[in-house]
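This is the structure we're talking about:
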């Protein structure tokens with residue numbers, strides 16, 4: 206560009222009202238709101254134009270000087286094969302692993318056998334000292350603490366050098382499996398002893414997690430997902446308090462797992478809103494806020510069975526949005542998971558999707574790149590308000606577990622899911638590769654030999670399950 210050509214030019218200032226007059230003229234009679242204004246699932250209005258935020262306050266990840274952790278799922282039912290995959294992932298650039306046991310709400314039919322032998326075999330030869338390690342939310346998450354300690358002791362690994370997350374979230378288990386092994390009262394009474402055991406071990410990292418992925422994949426809106434997560438996190442603080450642990454020391458041991466989908470701006474705003482909500486919750490509890498530790502995973506709900514390569518595009522947008530929103534770690538569901546257990550190629554694509562964005566695009570080296578964006582600031586603020594209202598509603602219903610037991614939260618999720626399904630049915634929403642630009646003929650999809658296993662059904666306390674449902678499965682259904 207020749208800057209001399211524009212150096213002497215001046216441009217008149219124009220306010221929003223003046224811009225709207227010009228925009229309406231360009232629309233040639235078309236309605237402004239119907240043409241240029243959209244709304245999120247929570248009814249949040251998105252205008253076509255926003256001005257820059259006057260005083261942006263950056264909202265960044267726990268360690269803004271470092272990129273997010275690239276986490277690969279260890280979810281093969283064959284422990285030996287899972288071990289080979291884990292080693293290949295670490296050699297290929299992964300900086301974290303997520304152990305997913307069978308029966309977990311987010312296992313999608315697969316997962317390691319839930320035994321200490323399978324756990325130890327899957328991690329054999331894996332260089333744990335330089336990795337982040339998380340145990341995905343599972344009914345046996347508390348037992349996995351002892352399995353991990355035994356494994357670290359045998360491998361002479363130093364727990365202080367790891368970033369650990371044990372993913373204990375009774376509400377996510379209840380919502381995702383529809384059952385608890387004991388009554389809500391017995392569960393709440395037993396948790397303080399488990400927490401005391403954890404602190405006695407002196408392990409670093411996240412113990413209790415507020416997992417929103419179950420709600421998202423079950424149909425929840427962004428505000429509903431954030432609301433149930435905040436309710437779970439606050440219930441965790443209450444459990445720490447019952448265990449006589451000072452909240453200021455306990456809060457850093459509470460983490461979050463959240464879904465990231467192809468709606469880029471909403472996903473970025475959702476990550477930022479979660480940090481604000483957790484900060485506010487801690488302030489209300491009277492403690493100095495610690496930053497939220499956020500693990501993001503790409504959405505199962507957004508994935509498709511038809512033309513599965515389009516899932517790579519969705520995952521790329523989701524990772525970008527989560528990273529820009531400040532996620533501390535991210536997992537990508539391989540694009541062929543809708544057809545079966547992903548093979549090495551699909552796992553490599555999932556891993557490299559993150560590595561390209563982290564190392565070549567440099568997304569992780571900018572702290573809160575959305576700071577100053579009027580549109581993202583508006584979405585963040587509106588989502589925070591809607592999520593806080595959902596959180597207050599859940600609290601009025603007795604907290605996350607009791608709201609789920611009564612079916613109150615599920616009823617609201619059903620309403621949001623029905624409205625989304627109606628938009629698909631009417632063509633107001635499209636799914637690339639399924640309802641828009643479908644392939645004339647589908648190609649074969651390679652997956653590994655593995656039997657999909659049903660979730661356990663035993664328990665003593667039950668609720669309506671928030672079963673994961675993809676949007677493409679709902680195409681053509683009646684609203």
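Numbering (the numbering used here), first residue to last: 206 to 684. Where is the CB? At the ideal position from N, CA and C, for every residue including glycine.
{"Asked": "Going by beta carbon distance, what residues of the same chain come within less than 6 Å of residue 504, once the five residues before and after it are set aside?", "Found": "464 and 466"}
{"Asked": "Quick check: what's the CA-CA separation for residue 290 versus residue 398?", "Found": "36 Å"}
{"Asked": "Nearest by alpha-carbon distance to residue 543: which of 675, 529, 286 and 581 is it?", "Found": "675"}
{"Asked": "Below 6 Å CB to CB, which residues in the same chain sit around residue 381 once its five sequence neighbours on both sides are set aside?", "Found": "310 and 419"}
{"Asked": "Go ahead and label residue 221 buried or exposed: buried means 16 or more other beta carbons lie within 10 angstroms of its beta carbon, across all protein chains shown.", "Found": "exposed"}
{"Asked": "Have a look at the DSSP bridge pairing and note the partners of residue 461.", "Found": "415 and 499"}
{"Asked": "Can you give, in chain order, each stretch of the beta strand (DSSP E) that sits fully within the region 255 to 300 and has at least 3 residues?", "Found": "274 to 279"}
{"Asked": "Rounded to the nearest angstrom, what separates residue 250 and residue 376 at their Cα positions?", "Found": "31 Å"}
{"Asked": "Provide the residue span of the alpha helix (DSSP H) that contains residue 599, from first to last.", "Found": "579 to 601"}
{"Asked": "Pick helix, strand or coil for residue 388, following the three-state DSSP scheme.", "Found": "coil"}
{"Asked": "Out of 607, 680 and 529, state which residue places its alpha-carbon closest to the alpha-carbon of residue 189.", "Found": "Outside the displayed range of the chain (206 to 684) lies residue 189, so it cannot be described from this structure."}
{"Asked": "Please name the residue, chosen from 263, 300 and 268, that lies closest to residue 278 on a Cα-to-Cα basis.", "Found": "300"}
{"Asked": "Just verifying my parser: in three-state terms, what is the DSSP assignment at residue 243?", "Found": "strand"}
{"Asked": "Please classify residue 214 as buried or exposed, where buried requires at least 16 other C-beta atoms within 10 Å of its C-beta.", "Found": "exposed"}
{"Asked": "Below 8 Å on the Cβ atoms is my guess for residue 338 versus residue 475; work out the distance and round it to an integer in Å.", "Found": "Not confirmed; about 25 Å, so no contact."}
{"Asked": "Is residue 298 closer than 8 Å to residue 267 when the C-beta atoms are compared?", "Found": "no"}
{"Asked": "Which of the three DSSP states, helix, strand or coil, is assigned to residue 339?", "Found": "strand"}
{"Asked": "So the beta strand (DSSP E) residue 372 belongs to, where does it begin and stop?", "Found": "368 to 373"}
{"Asked": "Measuring straight from C-alpha to C-alpha, what distance separates residue 484 and residue 232?", "Found": "43 Å"}
{"Asked": "With residue 403 and residue 350 assumed to form a contact (beta carbons below 8 Å), what rounded beta-carbon distance in angstroms separates them?", "Found": "6 Å"}
{"Asked": "Determine the DSSP secondary structure at residue 534, reduced to helix, strand or coil.", "Found": "strand"}
{"Asked": "Return the CA-CA distance between residue 412 and residue 449, expressed in angstroms with no decimal places.", "Found": "16 Å"}
{"Asked": "Taking just the CA atoms, how far does residue 416 sit from residue 669?", "Found": "17 Å"}
{"Asked": "Does the pairing of the region 533 to 543 with the region 477 to 492 give three or more beta-carbon distances under 8 Å?", "Found": "no"}
{"Asked": "May I have the straight-line CA-CA distance separating residue 491 from residue 326, to the nearest angstrom?", "Found": "44 Å"}
{"Asked": "Using 8 Å as the threshold, is the C-beta distance between residue 364 and residue 408 below it?", "Found": "yes"}
{"Asked": "Leaving out five residues on either side along the sequence, give the residues of the same chain with a beta carbon under 7 Å from the beta carbon of residue 445.", "Found": "400, 452 and 455"}
{"Asked": "Rounded to whole angstroms, what is the Cα-Cα separation between residue 234 and residue 253?", "Found": "17 Å"}
{"Asked": "If residue 562 sits next to residue 568, beta carbons under 8 Å apart, how far is it from one beta carbon to the other, in whole angstroms?", "Found": "5 Å"}
{"Asked": "Check whether the region 607 to 622 and the region 423 to 441 are in contact - that is, three or more C-beta pairs closer than 8 Å.", "Found": "yes"}
{"Asked": "Please classify residue 219 as buried or exposed, where buried requires at least 16 neighbouring CB atoms within 10 angstroms.", "Found": "exposed"}
{"Asked": "Would you tell me roughly how many angstroms separate the C-alpha atoms of residue 283 and residue 240, rounded to the nearest one?", "Found": "52 Å"}
{"Asked": "Thinking just about the alpha-carbon of each residue, which of 281, 649, 229 and 361 is nearest to the one in residue 656?", "Found": "281"}
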